[in-house]
Every structure is written in C-alpha cells, then in structure tokens.
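Asker: Numbering (my numbering), first residue to last: 6 to 439.
Yeah, the Cβ is synthetic: ideal placement off N, Cα and C, and Gly gets one too.
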C-alpha cells in the first residue's frame with residue numbers, strides 16, 4: 006500500500022506534546038516576569054529607601070524612592086559602593102555602623118544620607134541578610150526621619166525653654182538623665198548637681214513617700230497626673246508642685262523612663278506645658294514598616310491590605326479584602342473620606358492627604374494620617390494607592406498642649422493668654438462703640 010501522506014500517529018502526539026510544552030514554558034516565563042514586575046512596583050510604593058547590596062558593598066538594586074529622595078538616576082548608583090550615598094566625611098563611620106549591625110552590636114545606623122545636590126537627609130538604616138538572584142546579599146531599609154528629627158527638635162526646644170519644670174528620669178531609682186533650665190533655676194541647682202543623681206540622693210522630696218505615691222499611680226494607670234508634692238531646692242526652700250509623669254522612650258529600651266512635668270503652683274497661676282513624643286521605631290522589610298498600605302478600586306472596594314494592618318489595627322488582611330472602604334471609617338468621618346475619594350478620581354496621579362478615625366477590629370477607633378494617590382490608570386496598581394498610620398497619641402498630646410496653652414491648670418478655666426488673644430481678635434472697627 007502506498008503512503009498517502011499520513012504521518013504515523015505517534016509523531017503527531019510527540020509534536021502536540023512539544024508544542025504544549027513550549028506554550029506552558031511561555032506562560033510560566035510570563036507569570037514569573039509579572040510577579041517580578043509586581044514585586045518591584047510594590048517596593049517602589051513604599052516611603053522607605055530600599056537597597057540590595059552585594060557582600061562587597063556594591064549596590065545591585067534600588068527602589069524608586071532612593072532616586073526620588075536622593076536625586077540620582079539608577080545608573081549613578083548601580084554597581085557603585087553603597088558608601089556613595091553617605092557624606093564623604095562620615096563614610097568611615099557609616100562603614101563601621103554597617104559592620105556593627107551585621108555583628109548584632111547595633112540595631113540601626115543613624116548616619117545620614119546625602120543627596121546628589123549635597124543636602125543631608127536624616128535616616129535610620131537597618132540591614133538583613135538574604136539572597137538576590139541566587140547570590141547572598143544584604144537588604145538595606147532606610148527610614149527617612151526628617152519629620153521625626155523636626156519633632157525631636159521641637160520637643161528639645163519645648164523641653165529646654167518651657168516655663169514649667171521638666172525632667173527625664175529612670176522609673177525605678179528616680180535617677181535623672183536630663184533636666185531643663187527652669188528646673189535648675191527654680192530649685193537653685195547646677196546641672197552637674199542633678200544629672201546622674203537620684204531624687205533621694207538630692208533629698209528632693211520633702212516627704213520621700215510622695216515619690217512612691219507617684220510611682221504607684223503610674224504603675225496602676227500607665228501615667229500619673231495632678232499629684233501635689235512639696236520639693237526642696239538646694240537652698241532648702243520648699244516649692245509646692247503639681248506633678249505629672251508620662252512614659253518616655255530613650256535609646257536604652259532596657260531602662261524604663263518617664264517624663265516628669267512640675268508646675269510651681271505656689272508662685273504661678275498659669276502653665277505652658279509642651280510635650281512632643283519622639284518616635285523611634287526600628288523598621289525591617291515591607292511588613293514591618295509603620296505605614297499600612299491599601300489599594301482600592303474605582304468603586305471604593307478594598308483590593309489589597311498589607312499584612313502589618315494586624316499589628317497596628319487588629320484586622321487580618323483577608324477580613325477587609327472586597328469590603329467597602331467606609332466599613333472601617335467612623336460614621337462622622339464618612340462624608341470627608343468620600344469627598345476626598347471622589348476628588349482623587351478627577352485626575353491621574355493626584356495626591357490627597359487626609360486625617361480621619363479608623364475602626365480597629367476590637368471596635369475602638371484610632372486617628373490616622375492617610376496619603377492617597379490616584380493610580381487607577383497604572384496597569385500595575387489599577388487602583389487608588391493609600392498608606393496610613395496611627396497618629397492617635399500625637400493628637401492627644403497636641404490637644405493637651407493646646408488646652409494647657411489657653412486654660413488654667415488648676416481650675417480648667419480660660420487663662421490670661423486666651424483673653425489677650427480674644428481682645429486682639431475683637432479689636433476691630435466693627436466692634437468700636439457707636
């Protein structure tokens with residue numbers, strides 16, 4: 006029988022299998038490339054500066070935040086030593102801090118970065134070991150702490166120039182780490198007389214049991230406020246004080262401290278208490294950043310929540326996926342959130358900042374500061390990208406400072422400063438007598 010052009014069946018099967026294998030390989034390669042692209046886009050969305058560094062200290066990869074904040078292009082940094090992003094006169098210090106972090110002798114490096122234009126940017130940098138494209142590397146996460154530094158500077162100014170007595174001391178022994186000028190001037194001490202000494206060593210309390218009373222209330226409630234005590238100055242002059250203590254973070258986390266504020270109510274009727282809490286939160290990669298990252302679609306439906314939402318607000322990410330964004334918004338804040346949401350959709354790339362109350366899983370609400378950007382037409386995000394963080398304690402402190410600025414500390418009534426400002430505000434032609 007002549008061959009009529011038909012191929013044996015087993016050849017056809019082999020060709021089908023080969024073709025299918027090629028298709029599957031192409032699909033797999035496309036999937037891998039898409040995952041890589043999504044991962045890079047995710048890294049680029051964080052406010053932290055991210056570096057991948059080989060064991061020789063050369064930069065292999067950076068996110069867009071690095072180029073945006075430091076003013077370089079990728080070609081300026083890739084393949085170059087990571088020390089290039091540090092000021093020249095501090096590179097030796099930076100190199101030593103990197104070695105100390107890897108040796109577990111240091112948690113973070115506080116050596117600042119320098120931009121291409123020569124501007125200094127305060128950062129806290131942490132490092133972890135890992136692998137990148139099959140080779141051992143270091144992952145560097147640098148947190149821009151410019152706002153925190155400004156906050157610390159404001160606190161320092163408030164601490165040193167405030168009109169009330171302020172001190173930072175250890176809770177257990179009452180050993181002073183720092184005191185302000187008002188403390189020194191009011192109690193007639195020199196700084197060297199106080200720093201490093203305990204309240205008992207200074208014989209500061211007229212009745213030593215009064216400090217134990219403050220400590221007991223602090224241990225019960227986490228703070229102590231409005232406790233009247235009598236302190237003795239170096240000249241043995243008694244001062245009746247209204248004392249408040251609050252927790253205070255220092256670099257030595259093994260030494261619990263508190264911030265003490267004392268108003269001399271024997272001589273003064275008004276108070277200006279300025280307190281600013283310093284944030285010192287060490288960051289690792291992605292899920293340990295303080296900002297929660299969210300993506301919502303054009304209908305306001307949540308499509309993504311970063312895993313760290315559980316740490317800060319109690320929710321598991323999957324509990325909020327495919328829910329309306331307003332589910333976690335305080336009822337009184339829904340209108341302003343929706344207004345910002347609709348405004349965002351008017352223009353690609355538009356950025357909005359907003360503060361509102363966020364509902365935690367336990368039913369309580371926290372004040373958050375949110376930044377959102379319209380990336381609906383970005384093929385990688387396809388939504389509105391939001392990042393937000395808890396500012397509850399900051400707002401409480403701000404409200405407390407604002408209240409104390411305009412109210413008498415004892416009566417709670419408006420003080421002289423309030424009425425002076427009101428007189429200025431009302432001193433207009435419209436209020437002149439006819």
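What is the DSSP secondary structure of residue 301, reduced to helix, strand or coil?
Answerer: Taking the first residue of the chain shown as 1, we reach residue 301 at position 296. Of the three classes helix, strand and coil, the one that applies to residue 301 here is strand, per DSSP.
Asker: Determine the burial state of residue 299: buried for a count of at least 16 other Cβ atoms within 10 Å of its Cβ, exposed for fewer.
Answerer: By 1-based counting over the chain shown, the position of residue 299 is 294. Label assigned to residue 299: buried.
Asker: For residue 228, count the other beta carbons within 10 Å of its own beta carbon; 16 or more makes it buried, fewer makes it exposed. Which is it?
Answerer: Along the chain shown, read from residue 1 onward, the residue named residue 228 stands at position 223. Counting Cβ neighbours within 10 Å, residue 228 comes out exposed, since fewer than 16 surround it.
Asker: On the DSSP bridge list, what partners appear for residue 102?
Answerer: Your numbering for residue 102 matches position 97 in the chain shown. None, per the DSSP bridge assignment.
Asker: Which same chain residues, not among the five before or five after residue 380, have their C-beta less than 7 Å away from its C-beta?
Answerer: To locate residue 380, count along the chain shown from 1; it is residue 375. Hits under 7 Å: 386, 388, 389 and 390.
Asker: Taking 8 Å as the limit between beta carbons, can you name the residues of its chain near residue 126, skipping five residues before and five after?
Answerer: Along the chain shown, one-based indexing puts residue 126 at 121. If we look at residue 126 and ignore the five residues flanking it on each side, its Cβ neighbours are 74, 75, 117, 118, 119, 120, 149 and 151.
Asker: Which runs of the beta strand (DSSP E) at least 3 residues long sit entirely within the segment 44-93? Give them in chain order.
Answerer: Here the runs fully enclosed are 54-59 and 64-67.
Asker: For residue 373 and residue 361, I'd like the C-alpha separation in whole angstroms.
Answerer: Locating residue 373 in the chain shown gives position 368, where the first residue counts as 1. Locating residue 361 in the chain shown gives position 356, where the first residue counts as 1. So the two alpha carbons sit approximately 6 Å from each other.
Asker: Return the chain-ordered ranges of every alpha helix (DSSP H) run that is complete within the segment 148-207 and spans a minimum of 4 residues.
Answerer: Counting only runs of 4 or more, we get 151-166, 186-192 and 196-199.
Asker: Note down, in chain order, each residue of its chain lying with its Cβ closer than 6 Å to the Cβ of residue 333, except the 5 sequence neighbours on either side.
Answerer: The residue labelled residue 333 in the question sits at position 328 within the chain shown. Hits under 6 Å: 363 and 364.
Asker: For residue 358, is the classification buried or exposed, using 16 other Cβ atoms within 10 angstroms of its Cβ as the cut-off for buried?
Answerer: Translated into positions along the chain shown, residue 358 becomes position 353. With fewer than 16 Cβ atoms within 10 Å of its Cβ, residue 358 is classed as exposed.
Asker: Please determine if the segment 179-196 and the segment 238-257 are in contact, where contact requires at least 3 C-beta pairs separated by less than 8 Å.
Answerer: As far as the Cβ criterion goes, the segment 179-196 touches the segment 238-257, which means the pair count is three or higher.
Asker: Does the segment 101-108 come within contact of the segment 170-178, defined as at least 3 CB pairs closer than 8 Å?
Answerer: The segment 101-108 vs the segment 170-178: no contact.
Asker: Can you tell me whether residue 129 is buried or exposed? The criterion is at least 16 other CB atoms within 10 Å of its CB, across all chains shown.
Answerer: Sequence index remark: in the chain shown, residue 129 carries index 124 (1-based). With 16 or more Cβ atoms within 10 Å of its Cβ, residue 129 is classed as buried.
Asker: Who are the near neighbours of residue 60 in its chain, counting only those whose CB is closer than 8 Å to its CB and skipping five residues on each side?
Answerer: On the chain shown, residue 60 is found 55 positions in, with the first residue counted as 1. Correct list, in chain order: 141, 142 and 143.
Asker: How would you call residue 145, buried or exposed, if buried means at least 16 neighbouring beta carbons within 10 angstroms?
Answerer: On the chain shown, residue 145 is found 140 positions in, with the first residue counted as 1. Looking at its Cβ environment, which holds 16 or more other Cβ atoms inside 10 Å, residue 145 is buried.
Asker: Please determine, among 247, 242, 321 and 225, the residue with the shortest C-alpha to C-alpha distance to residue 234.
Answerer: Residue numbering aside, residue 234 sits at position 229 when the chain shown is read from its first letter. Out of 247, 242, 321 and 225, 247 has the C-alpha closest to the C-alpha of residue 234.
Asker: List the whole-angstrom C-beta distance separating residue 335 from residue 370, where the pair is believed to meet the contact cut-off of C-beta under 8 Å.
Answerer: For the purposes of this step, residue 335 is taken as residue 330 along the chain shown, with counting starting at 1. For the purposes of this step, residue 370 is taken as residue 365 along the chain shown, with counting starting at 1. Confirmed, about 5 Å.
Asker: State the Cα-Cα distance for the pair residue 63 and residue 356, rounded to the nearest angstrom.
Answerer: In the chain shown, residue 63 corresponds to position 58, counting from 1. In the chain shown, residue 356 corresponds to position 351, counting from 1. Cα to Cα, the separation comes out at about 34 Å.
Asker: In its own chain, which residues sit with a C-beta less than 8 Å from the C-beta of residue 211, not counting the 5 before and 5 after it?
Answerer: Locating residue 211 in the chain shown gives position 206, counting from the first residue. Result list for residue 211: 234, 235, 236, 237 and 243, in chain order.
Asker: To which residues does DSSP link residue 132 through a beta bridge?
Answerer: As a first step, residue 132 is located in the chain shown; it is residue number 127 there, counting from the start. 145, per the DSSP bridge assignment.
Asker: Which residue from 382, 341 and 366 puts its Cα closest to that of residue 354?
Answerer: Start at 1 with the first residue of the chain shown, and residue 354 comes out as number 349. Nearest C-alpha to residue 354: 382.
Asker: Within 10 angstroms of its Cβ, does residue 339 collect 16 or more other Cβ (buried), or is it exposed?
Answerer: In the chain shown, residue 339 corresponds to position 334, counting from 1. Burial call: exposed.
Asker: Can you give the Cα-Cα distance for residue 180 and residue 311, rounded to whole angstroms?
Answerer: Translated into positions along the chain shown, residue 180 becomes position 175. Translated into positions along the chain shown, residue 311 becomes position 306. So the two alpha carbons sit approximately 42 Å from each other.
Asker: Once you ignore the five residues that flank residue 96 on each side, which residues in its own chain have a CB closer than 7 Å to its CB?
Answerer: Translated into the one-based positions of the chain shown, residue 96 becomes position 91. These residues qualify, in order along the chain: 88.
Asker: Once the 5 residues before and after residue 199 are set aside, which same chain residues still bring their CB inside 6 Å of it?
Answerer: The count along the chain shown starts at 1 and reaches residue 199 at position 194. Hits under 6 Å: 181 and 184.
Asker: From residue 282 to residue 68, what does the alpha carbon distance come to, in whole angstroms?
Answerer: For the purposes of this step, residue 282 is taken as residue 277 along the chain shown, with counting starting at 1. For the purposes of this step, residue 68 is taken as residue 63 along the chain shown, with counting starting at 1. With a pLDDT of only 40 at residue 282, under the threshold of 50, the placement of this residue in the model should not be trusted; the figure read from the coordinates follows. Roughly 30 Å between the two C-alpha positions.
Asker: Which class does residue 242 belong to by DSSP, given the choice of helix, strand or coil?
Answerer: The residue labelled residue 242 in the question sits at position 237 within the chain shown. Residue state, collapsed to three classes: coil.
Asker: Tell me whether the beta-carbon of residue 54 lies closer than 7 Å to the beta-carbon of residue 70.
Answerer: Within the chain shown, numbered from 1, the residue matching residue 54 stands at position 49. Within the chain shown, numbered from 1, the residue matching residue 70 stands at position 65. Taking 7 Å as the Cβ cut-off, residue 54 and residue 70 qualify as a contacting pair.
Asker: Does the beta-carbon of residue 346 have 16 or more other beta-carbons within 10 angstroms, so that it is buried, or is it exposed?
Answerer: Taking the chain shown and counting its residues from 1, the one referred to as residue 346 is at position 341. Buried, by the Cβ-count rule.
Asker: Should residue 242 be listed as close to the ligand ATP, given that the test is whether its C-beta is under 6 Å from any heavy atom?
Answerer: Ligands are entirely absent from the displayed structure, and the ligand ATP is therefore not among its contents.
Asker: Once the 5 residues before and after residue 78 are set aside, which same chain residues still bring their CB inside 8 Å of it?
Answerer: The residue given as residue 78 occupies position 73 in the chain shown. Correct list, in chain order: 72.
Asker: Rounded to whole angstroms, what's the CA-CA distance from residue 82 to residue 147? Just pull it up for me.
Answerer: Position 77 of the chain shown, counting from 1, holds the residue named residue 82. Position 142 of the chain shown, counting from 1, holds the residue named residue 147. Rounded to the nearest angstrom, the two C-alpha atoms are 16 Å apart.
Asker: What's the C-alpha gap between residue 94 and residue 84?
Answerer: One-based indexing of the chain shown puts residue 94 at position 89. One-based indexing of the chain shown puts residue 84 at position 79. Looking at the two C-alpha atoms, the distance is approximately 22 Å.
Asker: Considering only C-alpha positions, which residue in the set 221, 57, 220 and 326 is nearest to residue 135?
Answerer: On the chain shown, residue 135 is found 130 positions in, with the first residue counted as 1. Ranking 221, 57, 220 and 326 by Cα distance to residue 135 puts 57 first.
Asker: When you compare only the Cα positions, how much space is there between residue 368 and residue 327?
Answerer: Position 363 of the chain shown holds residue 368. Position 322 of the chain shown holds residue 327. Straight-line Cα distance between these residues: approximately 20 Å.
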